[in-house]
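Contents: one structure, followed by commentary.
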């Protein structure tokens, strides 16, 4: 049918080809990116030259086509630079991404476009369309569209510089995998049996333990020898040092200058304008509130772990950075009869993947179908279609195992925006879990790794379910960023329910489900060092604000790190290391790492409705959650979605109860 006010022609949603991700080689990617940008520029020119009164048909609808193309230009090349095994493709991804960022800057500074949108009469449009246009106008203003030409020129230059600096920061982290060499198996005393069974060895025959997550996290948690934990912890915390010292300084200076040019006190003030908190002061107040709520319990946590350390070393006066996780595990094992190492045989990678798909499928009324012939960037990648009553509503890719020069943490990456009746959303996970094809025995996971898998899959589901709106900027990507971690953190809760966990956590050899008493002990033991972990998160949140809430001229980023640790003395500082150099969120999240705790407060409140229903698999509550929280995406403010699901505004209460709960 023809276009009508507030709508677009609708057909069945189709699966589009993620063309940039599937580029054949660097030249192909460059040509595709050039073609995509040329198309965007032609559409912008068409909007600017439209005659007569401004309408959705001659303004918003063609702009939507620009947004869809630009969405893919911004997400897919960036993703390639993080995961592609070929260095030439990673570099080409960086180049294409920078060109897309440059175009987006030009777009947001286009006064003619801004005037066109400002002239739209939105009085007769639906709420979703009005909110989309509201955000478009807001983003124009935040970008500086109303500034003079000299200011806009400086903004262009600064944004281009910041993009390049951020890419360098990320690349230095991604490509700096370090390792330690151990003489023999004695150095691995305390480690899980599967870890010791076939440790990788270097050319010299020594055991080689790298800073990749499957190597590093278990060793720092379980290795009995403090010196071994210390050596690997040092390497882990010093990744990208010294390269990123200067890169970080440039990043802070560039963002500060941009904020000042745009009329803001500092970058933290600027970057929080479109978030739930609204201001950097509100974010800082929230951090202080969590600090106050947790400090008494965190002190108890610290004293408990230090007392356990003194059983090994009566002269110990403090915990070190490489002690905290180790002694927390010992306390869990000795005081709560929960040994996390004994869970690993129940967490074989393939079974975890199957269980995750089964649980979320039942919970949200969908099924997943593996697409075995789907093209991708690496042979290990899995692809799945998301089906609802037999109809495909999305596709996702799973890149789940470590390899050289790949992104070393865990993240979800949007690839293609979902638009109602036109195209289904596509996204990917990039993680670093044990590889069943690695040749080192069963791919057994730690509980924390399984928790990470559920967390990132929560992002993926948010993306899949929010891809049914009218406009690209109302998908998950249009959600206030300090809400974005709420759905992901809430999905972690399903791991702690004995009934749910026993449906898929089965022993790798016997096939027996994990004993109920083990899961119940795990739940009780989970309270150990909980507030101390909150303080570790507060260090990151405070650090990200501190780097960005002042003029960074002449900054000594290591001195700032020490000062922040001094505010949280219960979180040990490893002197001589440089956490800021590998704190990747300082680029992607910049000042808003507080997002994780802010979202956790919301997640605990949202999960309360599931608990009140008597079963966390309650279909009615799950449908309401999907409908009111996940599906709206960025089509309305997050606070409205929360209110629609809870029947009220979210509160701090559930989080505070959880924070201070003691294991029983």
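In our numbering, the protein residues as written are 34 to 697. The beta-carbon is built from N, C-alpha and C at its ideal position, and this holds for glycine as well.
Secondary structure of residue i, DSSP reduced to three states
i	result
residue 675	helix
residue 500	coil
residue 557	helix
residue 654	helix
residue 242	strand
residue 484	helix
residue 381	strand
residue 317	helix
residue 40	Because residue 40 sits at a pLDDT of 43, beneath the cut-off of 50, its placement in the model cannot be relied upon, and the following sentence gives the value as read from the coordinates. DSSP places residue 40 in coil when its eight states are reduced to three.
residue 591	helix
residue 162	helix
residue 424	strand
residue 110	helix
residue 438	coil
residue 34	Residue placement at residue 34 cannot be trusted, given a pLDDT of 30 that sits under 50; what the coordinates show is reported in the next sentence. Reduced to three states, the DSSP call for residue 34 is coil.
residue 601	coil
residue 573	helix
residue 250	helix
residue 138	helix
residue 78	helix
residue 697	Since pLDDT at residue 697 reaches only 44, below the 50 mark, its modelled position is unreliable, and no value is offered.
residue 562	coil
Nonlocal neighbours in the same chain, by C-beta distance under 6 Å from residue i, ignoring five residues either side
i	result
residue 169	150
residue 135	193
residue 431	415 and 462
residue 233	241
residue 695	560
residue 39	Reliability fails at residue 39, whose pLDDT of 42 lies under 50, so the model's placement of it is uncertain and no value is given.
residue 261	220
residue 590	281 and 613
residue 656	none
residue 683	635, 638 and 675
Residues near residue i by beta carbon distance below 8 Å, same chain, minus five either side
i	result
residue 528	480, 483, 484, 487 and 534
residue 669	160, 161 and 164
residue 299	289, 292, 293, 313, 581, 582, 583 and 584
Beta carbon proximity, residue i to chain D, threshold 8 Å
i	result
residue 159	Reference to chain D is not applicable here, since this structure consists of a single protein chain.
Strand pairing of residue i, partner residues [DSSP]
i	result
residue 456	47 and 452
residue 215	240
residue 403	417
residue 700	In the structure as shown, the chain starts at 34 and stops at 697, and residue 700 therefore has no counterpart that could be examined.
residue 430	416 and 461
residue 477	381
residue 546	539
residue 234	240
Beta-carbon spacing of residue i, residue j below 8 Å
i	j	result
residue 127	residue 200	yes
residue 106	residue 69	yes
residue 623	residue 304	yes
residue 692	residue 567	yes
residue 465	residue 245	yes
residue 616	residue 478	no
residue 255	residue 224	yes
residue 197	residue 131	yes
residue 554	residue 369	yes
residue 672	residue 627	no
residue 565	residue 335	yes
residue 544	residue 666	no
residue 664	residue 441	no
Contacts around residue i, its chain only, beta-carbon distance under 7 Å, and the 5 residues preceding and following it disregarded
i	result
residue 387	537
residue 698	This structure cannot settle anything about residue 698, because the visible part of the chain is limited to 34 through 697.
residue 227	377, 474, 475 and 477
residue 637	687, 688 and 691
residue 374	225 and 255
residue 643	649, 651 and 654
residue 659	397 and 498
Indicate whether the contact test is met: 3 or more Cβ pairs, each with one atom in the region 451-471 and one in the region 139-146, closer than 8 Å.
Contact between the region 451-471 and the region 139-146 is absent: fewer than 3 CB-CB pairs across the two stretches fall below 8 Å.
Using a Cβ distance threshold of 8 Å, determine whether the region 391-410 contacts the region 434-454, with at least three qualifying pairs required.
Taking a cut-off of 8 Å on C-beta distances, the region 391-410 does not touch the region 434-454, as fewer than three cross pairs fall below it.
Inter-stretch contact at 8 Å, needing at least 3 Cβ pairs: the region 580-599 / the region 279-298
The count of Cβ pairs closer than 8 Å, one atom from the region 580-599 and one from the region 279-298, reaches three, so the stretches are in contact.
Could you check whether the region 79-93 touches the region 151-161, counting it as contact only if at least three pairs of C-beta atoms, one from each stretch, sit closer than 8 Å?
With three or more CB-CB distances shorter than 8 Å, the region 79-93 counts as touching the region 151-161.
Is it true that the region 351-360 meets the region 597-613, where meeting means three or more beta-carbon pairs spaced less than 8 Å apart?
Between the region 351-360 and the region 597-613, the count of Cβ pairs shorter than 8 Å is three or higher; the stretches touch.
With a threshold of 8 Å, are at least 3 pairs of Cβ atoms found where one atom belongs to the region 54-72 and the other to the region 412-419?
The region 412-419 and the region 54-72 do not touch, with fewer than three beta-carbon pairs separated by less than 8 Å.
Determine contact between the region 426-438 and the region 511-521, defined as no fewer than three beta-carbon pairs at a distance below 8 Å.
With the rule of 3 Cβ pairs closer than 8 Å, the region 426-438 does not count as touching the region 511-521.
Does the region 77-84 come close enough to the region 117-124 that 3 or more CB-CB pairs lie under 8 Å?
No, the region 117-124 is not in contact with the region 77-84.
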